[in-house]
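Chains as they are written, first to last, in our numbering: chain A, 1 to 116; chain B, 1001 to 1115.
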């Protein structure tokens, strides 16, 4: 069974540019979440998508956005990049449908974004 | 809001030593609790989980028991190996009122095991 696939693995962008990251969840998983990992802030929740709808969003500016397609694949976009956006972006998929009973997520290997 | 407090690292142990990484949490309701492990250059791997009070999660020799009375989920292993060197994250699975879930992570504890 294929795991969660994130592309690209590494990315270097210039301040002010925008970037799109891609995530393919485990087959049959309908929930996809995104997390940002930095040395200073640790792991922080960005947003969660379920059946093409953003259900919840973390405390990030509007420059961070995402979407989910009908095949559950998800993309996240960061516009007007800042140096502080340099991070490892992790995607996770889950088969849970919400409510109580969070049974855990399977994470991808991440996309390491460097903004210069 | 939900929060997870994890013991500071790095932790350096000799091979075959006993490991404990402390984790306590603050949450409303009845969250699920997890330990994830991250190897250099990799994403997070689920190590073990517990979904209700008094549950014991276990995997690959690691164990953790969900203690509601002390709001704790300490990770233990009786005999560590060099291959266990990694960063360990305690996490709490919370639910949103309108549906959906998210994980709240501790800051991570780096473990280094030496021969």
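Even for Gly, the Cβ is constructed at its ideal location relative to N, Cα and C.
Query: Are any of the Cβ atoms in chain B nearer than 9 Å to that of residue 94 of chain A?; Result: yes
Query: Name the residues in the region 40–51 of chain A whose C-beta lies less than 7 Å from a C-beta of chain B; which are they?; Result: 42, 43, 45, 48 and 50
Query: By DSSP, does residue 84 of chain A sit in helix, in strand, or in coil?; Result: helix
Query: Residue 14 of chain A touches chain B at which residues, Cβ-Cβ below 7 Å?; Result: Within 7 Å Cβ-Cβ: nothing; residue 14 of chain A doesn't reach chain B, min ~24 Å.
Query: Please report whether the beta-carbon of residue 55 of chain A lies at a distance below 9 Å from any beta-carbon of chain B.; Result: yes
Query: Which bits of chain B does residue 109 of chain A rub up against, with CB to CB less than 7 Å?; Result: 1042 and 1043
Query: By DSSP's criteria, residue 1091 of chain B is part of a beta bridge. Which residues make up the other side?; Result: B:1034 and B:1105
Query: Considering only C-alpha positions, which residue in the set B:1093, B:1029 and B:1008 is nearest to residue 1107 of chain B?; Result: B:1008
Query: In three-state terms, what does DSSP make of residue 24 of chain A?; Result: strand
Query: Bridge partners of residue 76 of chain A, per DSSP?; Result: A:21 and A:66
Query: Have a look at B:1006, B:1003 and B:1017 and flag the residue whose alpha-carbon is nearest the alpha-carbon of residue 1077 of chain B.; Result: B:1017
Query: May I ask you to report which of helix, strand or coil DSSP gives residue 1083 of chain B?; Result: helix
Query: Where does residue 119 of chain A fall in DSSP's three states?; Result: With chain A represented from 1 up to 116, any question about residue 119 of chain A goes unanswered, as that position is not in the structure.
Query: Do the region 21–40 of chain A and the region 1017–1029 of chain B make contact, defined as three or more Cβ pairs closer than 8 Å?; Result: no
Query: Taking the continuous beta strand (DSSP E) assigned at residue 57 of chain A, which residues delimit it?; Result: 53–57
Query: At the 9 Å Cβ level, is residue 99 of chain A part of the contact set with chain B, yes or no?; Result: Low confidence applies to residue 99 of chain A: its pLDDT is 42, below 50, so where it sits in the model is not reliable, and the reading given next is rough at best. Output row for residue 99 of chain A: interface = yes.
Query: Kindly indicate if chain A contains any beta-carbon less than 9 Å away from that of residue 1022 of chain B.; Result: no
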